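See below for the structure under consideration.
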Amino acid sequence: MSDSRAMRRAAAIVGAAETARVDVQPDRSELSLHAEAALAALADAGLSPADVDGLATAGPRPSQIAEYLGIVPRWVDGTAVGGCSFLVHVGHAAAAIAAGYASTVLITHGESGRSRVGVERRVPSPATPWGQFEMPYGVYGPPTMFSLPVVRHMARYGSTEEQFAAVAVATRRWAALNPKATMRTPISVEDVLTSRLIAWPLRLLNCCLVTDAGGAVVVVGGERARDFPRPPVWLLGRGEAVAHQNVSQMADFSGSEAYRVAGGEAFRMAGVGPAEIDHAMLYDAFTHTPVYMLEALGFVEPGDGGPFFAEMRTAPGGELPVNTNGGGLSHTHTGMYGMFAIVESVVQLRGDGGARQIEGVELSLAHGAGGMFAAGATLILTNQP
Amino acid sequence: MAERLMPEPTPESAEFWAGLRRRELRIQRCRACERWYFYPRPFCPRCWSTDVQWRTASGRATLESYVVCYRPAPGFEDCVPYVIAVVTLAEGPRMMSNIVASGVDAGTPPEHIPQLLPAGLPLEVDFGKRGIGTGAALELPLFRPGTPRAQGADR
Chain V
8 MSDSRAMRRA AAIVGAAETA RVDVQPDRSE LSLHAEAALA ALADAGLSPA DVDGLATAGP
68 RPSQIAEYLG IVPRWVDGTA VGGCSFLVHV GHAAAAIAAG YASTVLITHG ESGRSRVGVE
128 RRVPSPATPW GQFEMPYGVY GPPTMFSLPV VRHMARYGST EEQFAAVAVA TRRWAALNPK
188 ATMRTPISVE DVLTSRLIAW PLRLLNCCLV TDAGGAVVVV GGERARDFPR PPVWLLGRGE
248 AVAHQNVSQM ADFSGSEAYR VAGGEAFRMA GVGPAEIDHA MLYDAFTHTP VYMLEALGFV
308 EPGDGGPFFA EMRTAPGGEL PVNTNGGGLS HTHTGMYGMF AIVESVVQLR GDGGARQIEG
368 VELSLAHGAG GMFAAGATLI LTNQP
Chain Z
23 MAERLMPEPT PESAEFWAGL RRRELRIQRC RACERWYFYP RPFCPRCWST DVQWRTASGR
83 ATLESYVVCY RPAPGFEDCV PYVIAVVTLA EGPRMMSNIV ASGVDAGTPP EHIPQLLPAG
143 LPLEVDFGKR GIGTGAALEL PLFRPGTPRA QGADR
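In structure tokens:
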């Protein structure tokens, strides 16, 4: 029986990039955002398209990306579990490389989430469980579904609207240090609490941006990590889980089983604990998602996530820097944000963060969400051989 | 007003939808592990037994969690704000629904919402038609604040 702990540092990220712009780009199609990110990540790794023999993506099918890029990979992964799919792909790529199925895996994301240019239309299906048992009650996009559990968290733990608002405030402070971030103007808790009501307890500033952008990473075998131009980033641990599809089927609204399982797997494989993590990217589709993640991943006890953010312990100068690029709330959020969380972990581990660089980062954790608390995926990355 | 999509039953869920037309909340119960479950499936999602039966639920529930929606889905423009909730049926399973007669309306200050709709609030099923404005009416299991009763009404 294999043990995932034998896979520590078996793979490394040697190329990582975002599109040059990550805000609103009505002049760009979705596929061209994939391509820009792919070319940039390959250039970052000093590779050419001919070197790529593995491809993973979500959103468009891998065949669409292979055709657009003009490559014929011998290994492919189209796992699509929502915004954390790209974190899942990194774990799958590590296994594929160890098995000899591929040597150089390109993972791409691009999404015209705001401008909807060149986007495949997906129509709701009224005969699915969602179409029969959720749609009839007027759910309307993630703000009405991803946020449904929050009132239960508030009731069980006493978490407050002010605490959730503090997540947006702390994240905006990081965005102010990132020249590329879409929203950089400082905000206060009061600004969040007086912004437009969307689906109480959610207001506008509790919600992520909706943008047009792309990102990509290149994964190779860990033993090759030093053969590339940029400082290597090894994969120390990974985990993934799916718990349900429809939020009404979530087992416990006060905590996420998918996040717990994914995080537990990643920590076990990595052989480290939350206290050793220097930097964390916690997928912030809404202000409550990093709170649930902080608790599910064991950084704090269940119920202590809200106060942790309210005390600004994740903000610049805090003990646990979280979402240092400005997150989905202020940097960019195309729809499937996970790729940007991975890229920022790589930026910090390489020391490329500029004004937002954390001193002495050795262990970075990226955790992604998929669907409405449906899926979770965790990566623990390190620059230490 | 925007067209509202109507749910389409499958063979496995037909009894649920047929029950609603009789104003009965029909859900399934596993005879092997004696647990109720929702949504409809031809087997128990807990123990995977196929020895399952349709029963009529009591209609009593408690409020698990909710949002108050101010940005309506197509077809819901005339009932803003409306409460999208997940309720826990007295029999155990959870289902999504809307809370009607909640006391929350367009003039309700948001800070009053938690008092009007505390988590755990006892509820009773209140069958009602939704989407009447679109011409396509459909009986749905909605819930309104109710009084807790000691005994189940399982039939």
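Here the protein sequences line up with chains V and Z, keeping their order. In terms of this note's numbering, the first sequence has 8 at position 1, counting the first letter as 1, and numbering is strictly consecutive. In terms of this note's numbering, the second sequence has 157 at position 135, counting the first letter as 1, and numbering is strictly consecutive. Beta carbons: idealized from backbone N, C-alpha and C, even for Gly. Computed from a predicted model, the values in this text were never measured in an experiment.
By the CB criterion at 8 Å, Asp34 (chain V) and Arg121 (chain V) fall outside the cutoff. Residue pairing from DSSP places Tyr88 (chain Z) in a beta bridge opposite Z:Ala107. When C-beta distances to chain Z are compared with 9 Å, the residues of the segment 140–170 of chain V below that value are Phe140, Glu141, Met142, Pro143, Tyr144, Gly145, Val146, Tyr147, Gly148, Pro150, Thr151, Met152, Ser154, Leu155, Pro156, Val157, Val158, Arg159, His160, Met161, Ala162, Arg163 and Glu168, in chain order. For Gly345 (chain V) against Gly378 (chain V), the beta-carbon gap comes to about 12 Å, at or over 8 Å, which does not count as contact. Secondary structure of Pro144 (chain Z) (DSSP, three-state): strand. Cβ-Cβ distances below 7 Å link Ala87 (chain V) to Ala65 in the same chain, with the five nearest sequence neighbours on each side left out; the list follows chain order. If you check each beta-carbon in the segment 31–43 of chain Z against every beta-carbon of chain V, the ones closer than 9 Å belong to Pro31, Thr32, Ser35, Phe38 and Trp39. By the neighbour-count definition (other C-beta atoms within 10 Å, threshold 16), Arg12 (chain V) is an exposed residue. Against chain V, a Cβ distance below 8 Å from Leu27 (chain Z) picks out Pro131, Pro133, Gly138 and Met142. In this structure, Z:Phe165 is the residue among Z:Arg26, Z:Phe165 and Z:Leu42 with its C-alpha nearest to the C-alpha of Arg116 (chain Z). Burial state of Asp51 (chain V) is buried, judged by a 10 Å Cβ sphere holding 16 or more other Cβ atoms.
The C-beta distance from Leu388 (chain V) to Val227 (chain V) rounds to 14 Å, too long to meet the 8 Å contact threshold. For Leu46 (chain V), the enclosing alpha helix (DSSP H) starts and ends at Glu37 to Ala52. Below the 7 Å Cβ cutoff, chain V contributes Gly145, Val146 and Tyr147 as neighbours of Ala95 (chain Z), in chain order. When DSSP states are grouped into helix, strand and coil, Asp219 (chain V) belongs to the strand group. The beta-bridge partner set that DSSP reports for Glu118 (chain V) consists of V:Ala220. Contact between the segment 136–150 of chain V and the segment 91–98 of chain Z is present: three or more C-beta pairs spanning the two stretches fall below 8 Å.
If you ignore the 5 residues before and after Thr151 (chain V), its C-beta comes within less than 7 Å of the C-beta of Ala206, all in its own chain and listed in chain order. Distance from the CA atom of Glu230 (chain V) to the CA atom of Val97 (chain V), rounded to whole angstroms, is 16 Å. Using a Cβ-Cβ cut-off of 8 Å, Leu301 (chain V) does not count as an interface residue toward chain Z, since no Cβ of chain Z sits closer than that to its own. DSSP places Arg245 (chain V) in the strand class (E or B) of the three-state scheme.
Cβ neighbours of Tyr108 (chain V) within its own chain (closer than 8 Å, five residues either side excluded): Gly61, Arg81 and Trp82. A distance of 8 Å or more separates the beta carbons of Val147 (chain Z) and Pro136 (chain Z). In its chain, beyond the 5 residues on either side, Ala159, Leu160, Glu161 and Leu162 have a beta carbon closer than 8 Å to the beta carbon of Lys151 (chain Z). Contact with chain V is found for Leu162 (chain Z), since one of that chain's Cβ atoms lies less than 8 Å from the residue's Cβ. Three or more Cβ pairs closer than 8 Å define a contact, and the segment 290–307 of chain V falls short of that threshold against the segment 40–60 of chain V. Shown here, Phe140 (chain V) sits in a helix according to DSSP, grouped into three states. Residue nearest to Tyr104 (chain Z) within the set Z:Leu111, Z:Thr32, Z:Pro64 and Z:Ser119 is Z:Ser119 (criterion: CA-CA distance).
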